[in-house]
Amino acid sequence: MEYYSTEKKAPRVDLRTAVTEGLAPDRGLYMPERIVPLPEWFFKEMESFTFREIAFEVAKRFFGEDVPEADLQEIVFDTLSFDAPLVHVRDSIYSLELFHGPTLAFKDVGARFMARLLGYFLAKQNGRVNVLVATSGDTGSAVANGFFNVPGIHVYVLYPKGKVSEIQEKQFTTLGHNITALEIDGTFDDCQRLVKSAFMDDELKKQLTLTSANSINVARFLPQAFYYFNAWARLPEKDKKVVFSVPSGNFGNLTAGLFAKRMGLPVHRFIAANNRNDVVFEYLKTGEFKPRPSVATIANAMDVGDPSNFARILDLYNHDVDAIRADISGTRYTDEEIRKTLGRIYQETGYLLDPHGTTGYQALEDNLQPDEAGIFLETAHPAKFTETVEGVIGQGNVPMPERLENFLRNERVIDSLGASFKTFKAYLLEHAE
Numbered sequence: 001m002e003y004y005s006t007e008k009k010a011p012r013v014d015l016r017t018a019v020t021e022g023l024a025p026d027r028g029l030y031m032p033e034r035i036v037p038l039p040e041w042f043f044k045e046m047e048s049f050t051f052r053e054i055a056f057e058v059a060k061r062f063f064g065e066d067v068p069e070a071d072l073q074e075i076v077f078d079t080l081s082f083d084a085p086l087v088h089v090r091d092s093i094y095s096l097e098l099f100h101g102p103t104l105a106f107k108d109v110g111a112r113f114m115a116r117l118l119g120y121f122l123a124k125q126n127g128r129v130n131v132l133v134a135t136s137g138d139t140g141s142a143v144a145n146g147f148f149n150v151p152g153i154h155v156y157v158l159y160p161k162g163k164v165s166e167i168q169e170k171q172f173t174t175l176g177h178n179i180t181a182l183e184i185d186g187t188f189d190d191c192q193r194l195v196k197s198a199f200m201d202d203e204l205k206k207q208l209t210l211t212s213a214n215s216i217n218v219a220r221f222l223p224q225a226f227y228y229f230n231a232w233a234r235l236p237e238k239d240k241k242v243v244f245s246v247p248s249g250n251f252g253n254l255t256a257g258l259f260a261k262r263m264g265l266p267v268h269r270f271i272a273a274n275n276r277n278d279v280v281f282e283y284l285k286t287g288e289f290k291p292r293p294s295v296a297t298i299a300n301a302m303d304v305g306d307p308s309n310f311a312r313i314l315d316l317y318n319h320d321v322d323a324i325r326a327d328i329s330g331t332r333y334t335d336e337e338i339r340k341t342l343g344r345i346y347q348e349t350g351y352l353l354d355p356h357g358t359t360g361y362q363a364l365e366d367n368l369q370p371d372e373a374g375i376f377l378e379t380a381h382p383a384k385f386t387e388t389v390e391g392v393i394g395q396g397n398v399p400m401p402e403r404l405e406n407f408l409r410n411e412r413v414i415d416s417l418g419a420s421f422k423t424f425k426a427y428l429l430e431h432a433e
C-alpha cells in the first residue's frame, strides 16, 4: 500500500515512511492510495467476534500488505488490552464508551497502536525517533502513556498553558524517562503550528528524525476505525438506520468513521458535534472553510480552530461540499447547553456523560429520526473533568478510577516555552537526539 499527500505535491511513500515522517514534505496529510472493502462474510459473522478479532480483520485491510500477519496480530491484540462497550442510555440512543483504556480516553486506541507499529519499524532498522505531539487535552496523555519507555523513541508533548484540566496535565507531565512535557504560552493551534513547522524545517530534519503522534499521522487515525465496527457488531437495533454522532475537534475520529463506511460498514449518516469552535459546522452551512483562532470551552479537547484532518475529509470527497453534506451534518453547542444536558441526562437516566460526549448525545437527541438508531462516541471518562462535571451534578458524585488517582499523586515536571518557532527549534536542537 502506498500513501499520497492531500496536497498532491509530494511523491507517494510506503507505510514505514508515512508513519515515521508523519507529515508529507508539501505539508499535506498522508492518505492510503485505496480503501479496501471488507468481505460480506465478515459482516455476517462479526457479532461473534471479540473487539480484538474485529480490529485485526480491519487492520489487515490497511496494514496487511506491509506488516506480516503474525506481527500485525500481535500489535493489534497488544493495543486492545481493554474493551469498548456499547451502553444503552435511552430510547434508541447508545453510548460507545471509549474510556476503558490506560488513560481513560478514546485516543488510547490510536496512540497505543501507533507506538507499537513505530516500535516495530524501529526494531527493524535499529533507529531513534523524536515524536512531537500537540495536545488540547487527551492526546498528550494517551500518546505519552502509549509510548512510555518504548525503546528508541522520545516524546515531546506540547500543550497550551492553563488550557487543559489538572488530571489531563498530570497524565503526561509526571512520567519522565522518555516523555518531555512542554508548556506553551499560547493556544492549541499554536502548539499544532509549532509541530507542523518543525517538520518543514530543513535544519531540524537534517539533525533529527522527527514524526508526529497527532491524528495527522496515519498510524494514529486509521486504527480509530476499529471501534466503529465494534459498535455496529454490538448494536441490538440493526434493523434501523445507524447514525454515529462524533464529538469533533481535530476531526480524526470522524474521518476514521468515514473510512469505516467506505470499507462497507452500514452507516446511514454521521453528525459532527461541535462546541463553539465550529468552523466545520459553518462550512456545512456555507460551503466555505474559514479557520480561525480557537476559543476555550469546557469541552477543551474539541477547542480547535483549524482542524487538520478536515483536509482528509475534503480529499475523500474530492472537495464536493454536497457529497460531504450527504454523509455529514453538524451541530453546535455552548458551554451552558452542554452543562444543562449533562445534568439533565444524569438526573433522568443515571448515566454520567463527560462534556465532550454530551455534545454527541445532544446531537442525537436533537436530530435522530424514528427509523434511526444513534450511537454517540463517549470519548473520555467524566472523572477527567471532575471540576466541570461536579459543578453540574454536585460534589462527590463522580467516581474516581484508581488509575487517575495514581496520576494525581505524582509531581509534574515541565519545561515552559513561548509560542515562537525560533524558541521551540532552539530547544529541540539542544535537547533532542
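Just so we're aligned: 247 in the UniProt record's numbering is position 247 of the sequence shown, and the numbers increase by one with no gaps anywhere. Ideal Cβ placement from N, Cα and C applies to all residues, glycine included. Computed from a predicted model, the values in this text were never measured in an experiment.
Proximity of valine 413 and alanine 225 at Cβ, strictly below 8 Å: no
Quick check: what's the CA-CA separation for asparagine 250 versus proline 151? 29 Å
Alpha carbons only, please: which of Asn277, Glu237, Ala231, Lys241 is nearest the one belonging to glycine 257? Ala231
Any contact between the region 240-247 and the region 60-80? By contact I mean 3 or more CB pairs, one from each, below 8 Å. no
Could you say if the region 91-106 and the region 44-52 meet the contact criterion of at least three C-beta pairs nearer than 8 Å? no
On the three-state DSSP scale, how would you describe asparagine 367? helix
Given a threshold of 16 other Cβ atoms within 10 Å of its Cβ, counted over all protein chains shown, does glutamine 362 qualify as buried or as exposed? buried
Could you compute how far the alpha carbon of arginine 116 sits from the alpha carbon of threonine 79? 8 Å
Given valine 389, which residues of its chain have a CB within under 6 Å of its CB, disregarding the five upstream and five downstream residues? Pro382, Val398
Which of the three DSSP states is assigned to lysine 8 in this structure? coil
Cβ of alanine 134 within 8 Å of Cβ of glutamine 192? yes
Backbone CA spacing between valine 295 and threonine 139 [nearest angstrom]: 18 Å
Taking the Cβ atom as the reference point for each residue, do threonine 61 and leucine 38 lie within a distance shorter than 8 Å? Threonine is not the amino acid found at residue 61; the sequence shown has arginine there. It is a contact, given that the beta carbons lie within the stated cut-off.
Buried versus exposed call for arginine 234 [16 or more other C-beta atoms within 10 Å across all chains shown]: buried
Alpha carbon to alpha carbon, how far is serine 81 from threonine 286? 43 Å
Looking at the structure shown, is phenylalanine 251 part of a helix, part of a strand, or coil, going by DSSP? coil
By Cβ distance, which residues of its chain are closer than 8 Å to valine 36, with the 5 residues on each side in sequence left out? Arg61, Phe62, Met263
Are the region 369-384 and the region 152-164 touching, with three or more C-beta to C-beta distances below 8 Å? no
Under three-state DSSP, which class holds aspartate 415? strand
Starting from asparagine 406, follow the alpha helix (DSSP H) in both directions and report where the run begins and ends. 402-409
Buried or exposed for asparagine 149, please, with buried defined as at least 16 other CB atoms from any protein chain shown within 10 angstroms of its CB. exposed
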